[in-house]
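Listed below in structure tokens is the structure:
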């Protein structure tokens, strides 16, 4: 959790929110690969085609003008997405035993101190940044800590404990849509044509994978 968040948020500091939203969507094809390696779930030809299409979209997106000279940020985001996908595969059996809220709490207990320590060694003493933070910054921090981590992840792990991973994953398809809308209206960003094209291709490939796996469950 500490490493994943560090990679993802470091990448967000380099890449604009619109492109980052679409890059993080690679979590789903990564999840298919990890499930194949760890759970021995052999993907169908349709899944492999969807995976290829999704990664083709990522290649197109990384070549967009908004990501020029930001390859390091792209690599950080993709690495964070890979670690997140891996975590979901191994978290399911744990969430079935202790519940979503308890799992989220344990993750926070172990990830919190290590995140602070890692931040100190990489970013230096950030005490001045903390005490000088304005109200807007604190609202964002509180939202990420309480709403996203405590509430959203508790619900996520609860649902994950009740249903197969490949059945729950389609919810992630909403992430690029809400992310793009938020970036456009709240941050005033203007996505490039490459971002739109790459985003559509990524979502199309991911949709092929997930729709196929949902049919298998039925």
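Residue numbers (UniProt numbering): 1 to 218.
By construction, the Cβ of each residue, glycine as well, lies at the ideal position given by its N, Cα and C atoms.
For residue i, I'd like the list of residues in its chain whose CB is within less than 6 Å of its CB, leaving aside the five on either flank, ordered along the chain.
{"i": "residue 96", "result": "161"}
{"i": "residue 35", "result": "41 and 89"}
{"i": "residue 159", "result": "168"}
Would you identify the three-state DSSP class for residue i, choosing helix, strand or coil?
{"i": "residue 92", "result": "helix"}
{"i": "residue 53", "result": "helix"}
{"i": "residue 25", "result": "coil"}
{"i": "residue 115", "result": "helix"}
{"i": "residue 14", "result": "coil"}
{"i": "residue 186", "result": "helix"}
{"i": "residue 79", "result": "helix"}
{"i": "residue 35", "result": "helix"}
{"i": "residue 97", "result": "helix"}
{"i": "residue 178", "result": "helix"}
{"i": "residue 87", "result": "helix"}
{"i": "residue 192", "result": "coil"}
{"i": "residue 69", "result": "coil"}
{"i": "residue 44", "result": "coil"}
{"i": "residue 133", "result": "coil"}
{"i": "residue 126", "result": "coil"}
Can you list, in chain order, the residues of its chain whose CB lies under 7 Å from that of residue i, leaving out five sequence neighbours each side?
{"i": "residue 169", "result": "28, 31 and 210"}
{"i": "residue 197", "result": "60"}
{"i": "residue 78", "result": "23 and 26"}
{"i": "residue 20", "result": "11, 12 and 77"}
{"i": "residue 55", "result": "29"}
Against chain B, does residue i count as a neighbour if the rule is that its beta carbon must be under 8 Å from one of theirs?
{"i": "residue 73", "result": "Here chain B cannot be found, since the structure has a single protein chain."}
Which same chain residues end up closer than 8 Å to residue i when comparing Cβ atoms and leaving out the 5 residues on each side of it in sequence?
{"i": "residue 94", "result": "103"}
{"i": "residue 13", "result": "73"}
{"i": "residue 17", "result": "179, 182, 183, 187 and 189"}
{"i": "residue 165", "result": "31, 35, 88, 89 and 92"}
How far does the alpha helix (DSSP H) with residue i in it reach, from first residue to last?
{"i": "residue 220", "result": "Outside the modelled stretch of the chain, which goes from 1 to 218, sits residue 220, for which no answer is possible."}
Closer than 8 Å is the cut-off here; do at least three beta carbon pairs connect the stretch 21-40 with the stretch 71-89? Segments in contact, yes.
Tell me, please, whether the stretch 106-123 touches the stretch 37-51 by the rule of three or more beta-carbon pairs shorter than 8 Å. no
Is there contact here, the stretch 125-144 with the stretch 183-203, by at least three beta-carbon pairs under 8 Å? no
Can at least three beta-carbon pairs, one atom from the stretch 66-85 and one from the stretch 141-154, be found at a separation below 8 Å? no
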